[in-house]
Amino acid sequence: MLPNDLFASLVVVLEWFSVAVFAITGALVASRKQMDIFGFVLLGTVTGIGGGTVRDVMLGDLPVFWVKDQSYLIVCSVVATFIYFTAHIPQSRYRLLLWLDAVGLALVAVIGAERGLAANAGPVVAITMGVITAAFGGIIRDVLGGESPLILRREIYVTAAMAGAALFVALMETGAPRAGAMAAAFSVAFVIRGLAIRYEWSLPPYKPRAGRTPEDIARLGRDEKP
Amino acid sequence: MLPNDLFASLVVVLEWFSVAVFAITGALVASRKQMDIFGFVLLGTVTGIGGGTVRDVMLGDLPVFWVKDQSYLIVCSVVATFIYFTAHIPQSRYRLLLWLDAVGLALVAVIGAERGLAANAGPVVAITMGVITAAFGGIIRDVLGGESPLILRREIYVTAAMAGAALFVALMETGAPRAGAMAAAFSVAFVIRGLAIRYEWSLPPYKPRAGRTPEDIARLGRDEKP
Amino acid sequence: MLPNDLFASLVVVLEWFSVAVFAITGALVASRKQMDIFGFVLLGTVTGIGGGTVRDVMLGDLPVFWVKDQSYLIVCSVVATFIYFTAHIPQSRYRLLLWLDAVGLALVAVIGAERGLAANAGPVVAITMGVITAAFGGIIRDVLGGESPLILRREIYVTAAMAGAALFVALMETGAPRAGAMAAAFSVAFVIRGLAIRYEWSLPPYKPRAGRTPEDIARLGRDEKP
Numbered sequence: 116m117l118p119n120d121l122f123a124s125l126v127v128v129l130e131w132f133s134v135a136v137f138a139i140t141g142a143l144v145a146s147r148k149q150m151d152i153f154g155f156v157l158l159g160t161v162t163g164i165g166g167g168t169v170r171d172v173m174l175g176d177l178p179v180f181w182v183k184d185q186s187y188l189i190v191c192s193v194v195a196t197f198i199y200f201t202a203h204i205p206q207s208r209y210r211l212l213l214w215l216d217a218v219g220l221a222l223v224a225v226i227g228a229e230r231g232l233a234a235n236a237g238p239v240v241a242i243t244m245g246v247i248t249a250a251f252g253g254i255i256r257d258v259l260g261g262e263s264p265l266i267l268r269r270e271i272y273v274t275a276a277m278a279g280a281a282l283f284v285a286l287m288e289t290g291a292p293r294a295g296a297m298a299a300a301f302s303v304a305f306v307i308r309g310l311a312i313r314y315e316w317s318l319p320p321y322k323p324r325a326g327r328t329p330e331d332i333a334r335l336g337r338d339e340k341p
Numbered sequence: 116m117l118p119n120d121l122f123a124s125l126v127v128v129l130e131w132f133s134v135a136v137f138a139i140t141g142a143l144v145a146s147r148k149q150m151d152i153f154g155f156v157l158l159g160t161v162t163g164i165g166g167g168t169v170r171d172v173m174l175g176d177l178p179v180f181w182v183k184d185q186s187y188l189i190v191c192s193v194v195a196t197f198i199y200f201t202a203h204i205p206q207s208r209y210r211l212l213l214w215l216d217a218v219g220l221a222l223v224a225v226i227g228a229e230r231g232l233a234a235n236a237g238p239v240v241a242i243t244m245g246v247i248t249a250a251f252g253g254i255i256r257d258v259l260g261g262e263s264p265l266i267l268r269r270e271i272y273v274t275a276a277m278a279g280a281a282l283f284v285a286l287m288e289t290g291a292p293r294a295g296a297m298a299a300a301f302s303v304a305f306v307i308r309g310l311a312i313r314y315e316w317s318l319p320p321y322k323p324r325a326g327r328t329p330e331d332i333a334r335l336g337r338d339e340k341p
Numbered sequence: 116m117l118p119n120d121l122f123a124s125l126v127v128v129l130e131w132f133s134v135a136v137f138a139i140t141g142a143l144v145a146s147r148k149q150m151d152i153f154g155f156v157l158l159g160t161v162t163g164i165g166g167g168t169v170r171d172v173m174l175g176d177l178p179v180f181w182v183k184d185q186s187y188l189i190v191c192s193v194v195a196t197f198i199y200f201t202a203h204i205p206q207s208r209y210r211l212l213l214w215l216d217a218v219g220l221a222l223v224a225v226i227g228a229e230r231g232l233a234a235n236a237g238p239v240v241a242i243t244m245g246v247i248t249a250a251f252g253g254i255i256r257d258v259l260g261g262e263s264p265l266i267l268r269r270e271i272y273v274t275a276a277m278a279g280a281a282l283f284v285a286l287m288e289t290g291a292p293r294a295g296a297m298a299a300a301f302s303v304a305f306v307i308r309g310l311a312i313r314y315e316w317s318l319p320p321y322k323p324r325a326g327r328t329p330e331d332i333a334r335l336g337r338d339e340k341p
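Chain order of the listed sequences is A, B and C. Just add 115 to the spot in the first sequence (first one is 1) and you have the numbering used here. Just add 115 to the spot in the second sequence (first one is 1) and you have the numbering used here. Just add 115 to the spot in the third sequence (first one is 1) and you have the numbering used here.
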C-alpha cells in the first residue's frame, strides 16, 4: 500500500494526464474541421477541462479548478499547439490514443465520484459527478465542433464511466480503503471501455415497435414539442 | 385557502411532476434518435433538471438543487428507463404529453420567478428566471439531441412562460398573497400555452423587407460576423 | 489623465455599449432564422450577456452581473425588439456594425482580463477570462441559432481578444497604471481585429499532410472516439 502523500501525488499526476489526453481529442476534432491554431487551442482546452468545470459548478466548488491552478490551461494549450504542428499522426497512434482516452475516462470517472462524496453529496449525485467529469468535455467538444454529440453514439462510454463511479461509491459506502476502492473502480471502468474498444461492443438502441415507426415518431416529434 | 405547510408540499409535488414530464420529452428525443438506454437516461435527466440548474447557477444558489436532493436524478432516470422499455406510446398519449408539458411549463415558470424574488433580484431578473427554468431544459435537450432548438420554432412557448412569470411578479409587487399570485400566474401561463396547442397559434416571424431579402441577410451574415 | 471616478464611469458606459452591440449581432442571427419576437429577445440577450456570464460563473463571482443589475437585461431586450421592428438595415449599416462589434470585442477582452486579475487569478487565467468574455456570447449564439460556431471560422477574432488581454495583463504585471494599460490593450485588440476586417485576414488552417488526408482523418475520427 502506498503512503497517503504518494497516493495523492499519483492521483494529481494521473488527473493531469487525463486532461492532456482529452485535450488531444479536442485538437483532433479541430484538425478534422481544419480550424486555425486558436481553434485548436480553444477546442482542446474546452475538451480537456470541460467535464471537471461542469462538475465544479454543479457542486458549487468555485472558482473552478483551472482558475485555482492555471497549469491546466497551459497543459491544454501546449498539447493543442503541438497537435497543430505535428506533421501527421500515423494510424497506429490513433489506436493508441483511443486506449489512452480509456485510461483518462476511467480515471476521471472515479475522481469525479470522489469529489461528489467529498462534498457530502448523496451516492446518486456522486455517481453523476463521475459521469459528468468523464463525458461532458467530449459533449461540449462535439457541440462546439459541430459534430453529432457523444451521447448519440451507441459506444459503451458513459456506461463504463457509470460502472466505475458506481463501484467506487459502493465500496466507499461499505468502508473500503480509499486507495483500494479507487484502484478497483478504475480497473472496472477501464476494462469495460477496453472490451468495448477491442470487440466494438455497443448497447442495443431503442427499436421502434408496431405503432411507433420512425416516421410516426418524427412526425409526432413535431407535435409533441414541448 | 390552504394552510402554508400544505401549500408548500403541494408546490414540491408539482415541481417533481414538472421534472418528470420534462424528462419524458427528453427521452422521446432519445427514442427518435434511436439512442441506447444510457442516452435515454442522460438526455432525459438533462432535460428534466436543465432549466432549474441554469437558474440556480445564475442566482449563485449552489450547489444546484439536484445535488442537495438526489431524488430528482432518480426520478429522471426511472422515467427515462421506463420510456426506453415501453413497447409503444400510442398517438393519443403524445397529445396527453403535450398537455402535461403545458402544466409543467406553467408551473416552473412561476416557481422560477419566485426563486428570483426570494433571492432579492429585481423584477426583470425574476421574470427571466421563470423563463430560464421553463425553457432551458428543452433548449439543452435540443442542442444535445442535434435538433433545431426550441427557440427557433415559432410556437408560443417562451411567451406563455414569460406571461405567467410577469403576472406573478406584478401581483407580488402589489402585495397579493403568495398562493393566490401563484395560482393566477399558473393559470394564465397554462391557458396561453393551451390555446396555442389547441389552435396551433404562433407569433409572426420576422419578415424580410425590401433591401433585406433572405439572400442579402445570408450573404451579409457571413461578413457581419460575429 | 482622467480622475478615477470618471474613468470607472467611462468603463461602465463602454461595457453597456459592448453588451448592446453583441445583442444586435444575436438579433441579426434571429432575423436570418426568421424567428418570432421572443426568439429575437432570447437570442439577443443570450449573446449580449453570455460571455460575461460564463466568466462570472468560472470565477465564482455569483450571482452573475445581470442578476445584480437588471438593466443589462433591459438593454438587450430593447435592442433586440428594435431590430425586430426595424424595417431594414441597409448594407452600409452591417459594415458599421462589424466595426462597432470590433470595439465591443476589444473592450470586453480587456475588462474580462481585469476581472480575472481582480479575482487574484494567475495571468493565464486572466487572459482566458478576457477571451471568454469576448468570444463565448458569440459561441452560444451560434450554437443556439443552429449556425456553424464562431471557433470553426478562421477569422481573426479570438486572436485579437487574446492579444489585447495578454498585453493588458503584461502591462499590469510590470506595474503600469491601470487606465494606460487598458487604453493600450484596447487599441491593440481593436487594431488587430480592424486590420482583419479591412484586409480580410485569416490565420492558416490546419493542412492535412501525407498519410493524414481529410478522408483518413474523417474515417479515423470515427474510431478515434472518445
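Note that beta-carbon positions come from the ideal geometry of N, C-alpha and C, so glycine has one too. Keep in mind that this is a model prediction, so the values were computed, not measured.
Assigned secondary structure, residue i (DSSP; H/G/I helix, E/B strand, else coil)
{"i": "Glu270/C", "result": "strand"}
{"i": "Met150/A", "result": "coil"}
{"i": "Thr289/C", "result": "coil"}
{"i": "Ala234/C", "result": "coil"}
{"i": "Ser133/C", "result": "helix"}
{"i": "Val239/A", "result": "helix"}
{"i": "Trp316/C", "result": "coil"}
{"i": "Glu229/A", "result": "helix"}
{"i": "Tyr209/B", "result": "helix"}
{"i": "Leu188/B", "result": "helix"}
{"i": "Thr248/A", "result": "helix"}
{"i": "Ser263/C", "result": "coil"}
{"i": "Gly279/A", "result": "helix"}
{"i": "Gly253/B", "result": "helix"}
{"i": "Val179/B", "result": "coil"}
{"i": "Thr201/C", "result": "coil"}
{"i": "Val127/C", "result": "helix"}
Classification of residue i by the beta-carbon crowding that lies within 10 angstroms, buried from 16 upward
{"i": "Gly159/A", "result": "buried"}
{"i": "Pro264/C", "result": "buried"}
{"i": "Ala123/A", "result": "exposed"}
{"i": "Pro178/A", "result": "buried"}
{"i": "Asp120/C", "result": "exposed"}
{"i": "Gly260/C", "result": "buried"}
{"i": "Gly295/C", "result": "exposed"}
{"i": "Tyr314/A", "result": "exposed"}
{"i": "Glu270/C", "result": "buried"}
{"i": "Asp257/B", "result": "buried"}
Residue i: CB within 7 angstroms of a non-hydrogen atom of the ligand HEM
{"i": "Arg230/C", "result": "No copy of the ligand HEM appears in this structure; indeed no ligand is present at all."}
Taking contact to mean at least 3 C-beta pairs separated by less than 8 angstroms, is the stretch 146-156 of chain C in contact with the stretch 184-199 of chain C? yes
Whether or not the stretch 243-263 of chain C and the stretch 122-131 of chain C are in contact is what I'm after, with contact meaning three or more pairs of Cβ atoms, one per stretch, closer than 8 angstroms; do they touch? no
Contact between the stretch 223-239 of chain B and the stretch 218-231 of chain C: three or more CB pairs below 8 angstroms? no
Can we say the stretch 185-192 of chain C touches the stretch 207-227 of chain C, given the rule of at least three CB pairs closer than 8 angstroms? no
Any contact between the stretch 166-186 of chain A and the stretch 164-182 of chain C? By contact I mean 3 or more CB pairs, one from each, below 8 angstroms. yes
Three Cβ pairs or more, each shorter than 8 angstroms: is that satisfied between the stretch 269-279 of chain C and the stretch 302-312 of chain C? yes
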